[in-house]
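Under UniProt numbering, think of the first position of the sequence shown as 1, with each following residue one higher. Written below as structure tokens is the structure these notes are about.
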Amino acid sequence: MISNLKKMSFSTVIPLIIILTLLSLGILIPIISMVIFGAILAYYVRYISKKIKPYVKYNTLSVFLGMIILAVPVILLLYFTFTQFLSIAGSFFGSLQQAATGNSTMNLPQITDAVQNIGLPGNISQGIDETIKSAITQFISYIAKLAVDLVSSLPGIAAQLLILIFSVFYFARDGDKIISYISDIIPDKDKDFYQQIFNSADDVLKSIIVGNVIPAAILGVLSGILYFFLGYPYAILLAIISGIAMFIPIIGPWIVYGILGVFSILVGNTFQGIMVIFFGWIIETSTDFYIRPRISVQYSEVHPLVFLLGFIYGAVTMGIPGLFIGPLILGITYAAFKIYREEKVKSNSSQNKN
1 MISNLKKMSF
11 STVIPLIIIL
21 TLLSLGILIP
31 IISMVIFGAI
41 LAYYVRYISK
51 KIKPYVKYNT
61 LSVFLGMIIL
71 AVPVILLLYF
81 TFTQFLSIAG
91 SFFGSLQQAA
101 TGNSTMNLPQ
111 ITDAVQNIGL
121 PGNISQGIDE
131 TIKSAITQFI
141 SYIAKLAVDL
151 VSSLPGIAAQ
161 LLILIFSVFY
171 FARDGDKIIS
181 YISDIIPDKD
191 KDFYQQIFNS
201 ADDVLKSIIV
211 GNVIPAAILG
221 VLSGILYFFL
231 GYPYAILLAI
241 ISGIAMFIPI
251 IGPWIVYGIL
261 GVFSILVGNT
271 FQGIMVIFFG
281 WIIETSTDFY
291 IRPRISVQYS
301 EVHPLVFLLG
311 FIYGAVTMGI
321 PGLFIGPLIL
331 GITYAAFKIY
341 REEKVKSNSS
351 QNKN
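Written out as structure tokens, the structure is:
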């Protein structure tokens, strides 16, 4: 078969490979984001697996244990989030029913008293009061609809999750074979360029965790401690939201600190409101301007704008997987242009010297 392949015209082989590749991508488009996300997660699983390998006899077992170790924090995060949301849903069950029928007459005397205490004219206070209650009612109705949509989409989510699990496992276990295969088909003259691209991808993947996820986790833990000691309900859920909000540019966790602080002051808990804003500022400043630079200094060559755009538009276009896929794609693209430019400058300099 190999001898026959050698006799084939190269001009027919390449078009055939391109056509088959396009057809394969057409089949995989609905799940391509999960496959790529699985490949990215496999990078971290392989790192954990290599640490476990000396103590485990089989490579497959070390990969399986690496997947479990990586999954534990995610499962705990989802568990606490889900239980907190269930608690909130139970508290507002009556309001959910009213909002669903459009007959909501929510009784929120505390908000009414707070608005009246501001000292505005009666008609303005009443308007603000009704606006706040209407917004809360619509929000609860939206959450109810979201919950129904989530339940109806569970089969699709389960299928996507299954694809993700298998992708992580096989990419982690057979990663060396994949890299070797790619290396074999790359022309020798281009291998140095692709090696630099691979090294840049490695930096981007490390930066996603070291420069972004870890600082967000630290901020979430510190915020949770703050909420607990200040007596806020659902401290764990607020801590999780604060950590996730750190990925939002400019605003960041202030979307949580600010709302909590202003609301606490409005309802008469002035000390609580001032404290959450003050200590929230300390936590956010320390995490963003001290902890993040300290732990991600070795990956400073990756421009921060790359991560900013990657996180935002990756998540918008591909959902949660986009938080990882977006920065990776933009990071590799940025590195490719940078490496090409450097090589071009070196080539021009050598030509000028000659």
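Quick reminder that beta carbons are idealized off the backbone N, C-alpha and C, glycines included.
Have a look at the options and flag the residue whose alpha-carbon is nearest the alpha-carbon of residue i.
i	options	result
leucine 86	Val56, Ala172, Leu226, Tyr234	Tyr234
valine 276	Leu23, Ile185, Ile52, Leu222	Leu222
isoleucine 68	Val45, Lys50, Lys57	Val45
isoleucine 163	Ile208, Leu226, Trp254, Leu41	Leu41
alanine 336	Ile240, Asp190, Ser180	Asp190
aspartate 174	Val63, Phe37, Val306	Val63
glycine 243	Phe193, Val213, Gly258	Val213
serine 207	Leu305, Ser183, Lys145	Leu305
asparagine 269	Leu230, Trp254, Phe169, Ala245	Leu230
leucine 61	Val72, Tyr170, Gln84, Pro73	Tyr170
isoleucine 178	Thr83, Ile18, Ala39	Ala39
Going by the beta-carbon positions, is the gap between residue i and residue j smaller than 8 Å?
i	j	result
threonine 81	leucine 308	no
valine 262	glycine 252	no
tyrosine 334	glycine 326	no
alanine 172	glycine 66	yes
valine 210	leucine 328	no
threonine 287	leucine 219	yes
arginine 341	proline 215	no
glutamine 196	isoleucine 339	yes
serine 167	methionine 34	yes
isoleucine 241	valine 256	yes
phenylalanine 247	phenylalanine 37	no
tyrosine 232	leucine 260	yes
lysine 50	asparagine 59	no
isoleucine 186	tyrosine 194	yes
alanine 201	isoleucine 332	yes
Under a Cβ-count criterion, where at least 16 other Cβ atoms within 10 Å of its own Cβ denotes burial, should residue i be classed as buried or exposed?
i	result
asparagine 199	exposed
proline 30	exposed
glycine 280	buried
glycine 224	buried
isoleucine 27	exposed
tyrosine 290	exposed
phenylalanine 228	exposed
leucine 78	exposed
leucine 23	exposed
Please list, in chain order, all residues of the same chain as residue i whose beta carbon is under 8 Å from its beta carbon, the five residues on each side excluded.
i	result
residue 358	Here the chain has residues from 1 to 354 only, and residue 358 is not among them.
leucine 70	Leu41, Tyr44, Val45, Ile48
threonine 317	Gly326
Near residue i, what residues of its chain come up, given a Cβ to Cβ distance below 6 Å and the 5 sequence neighbours on each side ignored?
i	result
glycine 310	Gly326, Pro327, Leu330
tyrosine 322	First, the residue type needs correcting, since residue 322 is glycine and not tyrosine in the sequence shown. Closer than 6 Å at Cβ, skipping near neighbours: Gly314, Ala315.
serine 183	none
Once you ignore the five residues that flank residue i on each side, which residues in its own chain have a CB closer than 7 Å to its CB?
i	result
alanine 217	Gly243
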